Structure formats: structure tokens, C-alpha cells
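Visitor:
2 protein chains.
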Amino acid sequence: MDELDSAIVEHLQRDARQTNRELARKLGIAPSTCLERVRALRNRGVITGYHAAVDLRALNRPVQALLSVQVRPLSREVIEGFKTYAAGLPEVLSVFVVAGSEDFLVHVAVPDVDQLHSFLLDRFSKRREIVNFRSSVIYQHLSNPVTTPLGPAE
Amino acid sequence: MDELDSAIVEHLQRDARQTNRELARKLGIAPSTCLERVRALRNRGVITGYHAAVDLRALNRPVQALLSVQVRPLSREVIEGFKTYAAGLPEVLSVFVVAGSEDFLVHVAVPDVDQLHSFLLDRFSKRREIVNFRSSVIYQHLSNPVTTPLGPAE
DNA sequence: GTTGAAATAAGGCCACC
DNA sequence: GGTGGCCTTATTTCAAC
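Listed in order, the protein sequences are those of chains A and B. Each residue of the first sequence is one higher than the one before, starting from 1 at the first, in full-length UniProt numbering. Each residue of the second sequence is one higher than the one before, starting from 1 at the first, in full-length UniProt numbering.
#1: Which of the three DSSP states, helix, strand or coil, is assigned to residue 49 of chain B?
#2: Comparing the C-beta of residue 54 of chain B with each C-beta of chain A, is any distance below 9 Å?
#3: Between residue 151 of chain A and residue 111 of chain B, what straight-line distance do the alpha-carbon atoms span, to the nearest angstrom?
#4: I'd like the list of long-range same chain contacts for residue 92 of chain A, defined as Cβ closer than 8 Å, with 5 residues on each side in sequence excluded.
#5: For residue 137 of chain B, which residues in the same chain have their Cβ closer than 6 Å to its Cβ, ignoring the five residues on either side in sequence?
#6: Hey, is residue 130 of chain B's beta-carbon within less than 9 Å of any beta-carbon in chain A?
#7: Three-state secondary structure (DSSP) at residue 20 of chain B?
#8: With respect to the alpha helix (DSSP H) encompassing residue 86 of chain A, which residues constitute its N-terminal and C-terminal limits?
#9: Taking residue 143 of chain A as the reference, which of B:89, B:130, B:147 and B:94 has the closest Cα?
#10: When the distance is taken between beta carbons, is residue 16 of chain B closer than 9 Å to residue 44 of chain A?
#11: Could you check where the beta strand (DSSP E) with residue 193 of chain A kicks off and where it finishes?
#12: Using C-beta distances below 7 Å, list every residue in its chain close to residue 31 of chain B, excluding the 5 sequence neighbours before and after it, in chain order.
#13: Looking only at C-alpha atoms, which of B:127, B:52 and B:60 sits nearest to residue 69 of chain B?
#14: What does residue 98 of chain B reach in chain A if we use C-beta pairs closer than 8 Å?
#15: For residue 158 of chain B, which of helix, strand or coil comes out of DSSP?
#16: In terms of DSSP beta bridges, what is residue 25 of chain A paired with?
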């Protein structure tokens, strides 16, 4: 994981579909070298995949929310069960299992606030393990396009 | 945005680097047709980009946390200012601007808990607009690989 | 909007440095 | 580990349906 690897990872996070030749040109190395590096990064598991990003509004899902969920009892079975259940719902973008006063944070995207309400009533309220939940509408969500390595003493 | 478009978007979310020919073959259409559809989805803004996903452990950032932040006064300037500040920090993966008791949720990834502590002290404690914050370590983070369109009455 | 074929460009392998 | 050349394969354009 040297400087060249970091640069490759950064460029591919910005645009995963640029050609190998273009990437090699930007980095000032031969295309075959570049290809070898990229392949090694993939095999070592540094790059885990290539994904298209989509506009949630175009998919009729402009309303986002974060749902804090508390479950009981705090057993492995209950945690795993709810986690798997939530991650499998089509409205759910991602599930955070967290320490602290809440046990889960569930990021959802739905067509409108009515369907957010319906989602909570139909998918959450009926679950017996949920002892408490709270929903926060998301006004805005900014994602950092690139994730770079951090040193021990940044 | 018909069935074919949805199928293309789903496949490209799973693997953005599959060749156009392969994608066309899976969908049972001609490569040129497929290319035209993909280009249209990109131009219409349905597909916003193609990004490589990276393993945070490989980047020496295995410790993740969600930081709830409350700022005051709740003016446009303060909100915008903190949002831009947080999004620009290298430790930050994404920033949620939320309704409810907290104003922001900041998703960070750092090398270890010591650096999480340092981050809070150096980057947050000194900001005058922050009146309260709370940090929750993330035990696990599951992301739904595909985001599909949702109908008005799912 | 979709297709097939032809031209252009890229990916991938191998011998060499 | 990096490079340059050759062959294979894919992307892209375009005329026709």
C-alpha cells in the first residue's frame, strides 16, 4: 500500500469506469503496470467492488430518514435477527449496529412521509423485540467521495 | 424508467465494471441498445456516477463511529458552516443534516479509539457553535447493495 | 427505440528489461 | 516490479429497420 496504490484507489473511487489507459496516463505509469496494480488491490481486498451510484429522487425515493431503534433482550439472537430483518427491507439503505443508548440506526429512503409513517407502523411497530424507536427526517446527506488511508498520528 | 431501465440500474449497482456486452447478454438485448440505455440513464441523472468501494480496514481505518452534534444558533450560516467543515475532514465518511433533537450525524472512520478521541477533542470541542455532542461506536455497518425504485403504494 | 456490422480503442498476455 | 508490443476482445458509431 504505497503512494501509487493510494492514488489508484483515490482515482477509482472518483470514477470507477475510467479506462485503464486513462488511469495509467494520469498516474504517469504504463497501462500494463497500472492494470497489475489494480488487479492486486482487488485481490488483496482493498478494493471490494465497483458500484453505480443512483439518484434517490429518480427512483421515487426523495424522503430519507434515520431511525433509532432499541431492542430487548440484548442477546445475540435478537441483535442478529433484527439486523438481518432490517437489512432485507427494500426501503432500507443501510443498518448501523451501534453502542450507546440506541442499538441500531436504520437509514431509509421512501417516496413520501406517508410511506415513512406506514413503514414504521407496518415494519417496526409489530416487532416484539423493539422496545423503543425514534425517527429523524434527513434534510441533507453529504458523502465524502474519496476515503483515503490515515496514518497512526495524523 | 421502465422495467429494462430498472434492471440495468440494479445490475450496475452490483457491478459497475462488467462489460457492456455482458450486461446486454444478461438482459437479452443487443449491446448497442444496452449502451444507449446506460448512456441515457447517465444523462438523465438516474445514474450519478461509478465508484470503487474500499475496505476501511485495508486503509487503516477499522474504527467507525456516529457522532451526534447539536449546534447553536440554528441559523443558515451556522448549519452550512458546520456541514461544510465536517464534510471536508479526512476522517469523515458522510454527514447527515437531520431534524429532531440533534442537528447533525457525522459518520467517521479512524485508525483506533485513541484517534477517535483526538478527533473529537481537536476537531469538535474547539468549535464554538457546537453546544452538545455524543459519540456512538459502530459495531457493524450493513449496506444494501442495490437501491430499487419504490411505487406509490408498495 | 432497436439492431447488426464495421471502425476505433481498450484489455490482457508474454518476453524482456 | 515495471515496460512495450502483439493479439484478442470490447466499445462506439451509423445506416437501416
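Just so you know, even glycine gets a beta-carbon here, dropped at the ideal spot from N, CA and C. If you're wondering where the values come from, they're calculated on a predicted model, not measured in any experiment.
Guide: In short, the structure shows the following:
#1: strand
#2: Judged by the 9 Å Cβ criterion, residue 54 of chain B is in contact with chain A.
#3: 7 Å
#4: 86, 106, 107 and 108
#5: 65
#6: No - not a single Cβ of chain A is within 9 Å of the one on residue 130 of chain B.
#7: helix
#8: 76-88
#9: B:94
#10: no
#11: It is not possible to answer for residue 193 of chain A, since the shown part of chain A is limited to 1 through 154.
#12: Excluding residues within five positions, the ones whose Cβ falls inside 7 Å are 20, 21 and 24.
#13: B:127
#14: Ordered by position in chain A, the residues that pass the 8 Å Cβ test against residue 98 of chain B are 66, 136, 137, 138 and 139.
#15: Nothing about residue 158 of chain B can be reported from this structure: the residues present for chain B run from 1 to 154 only.
#16: According to DSSP, residue 25 of chain A bridges with nothing at all.
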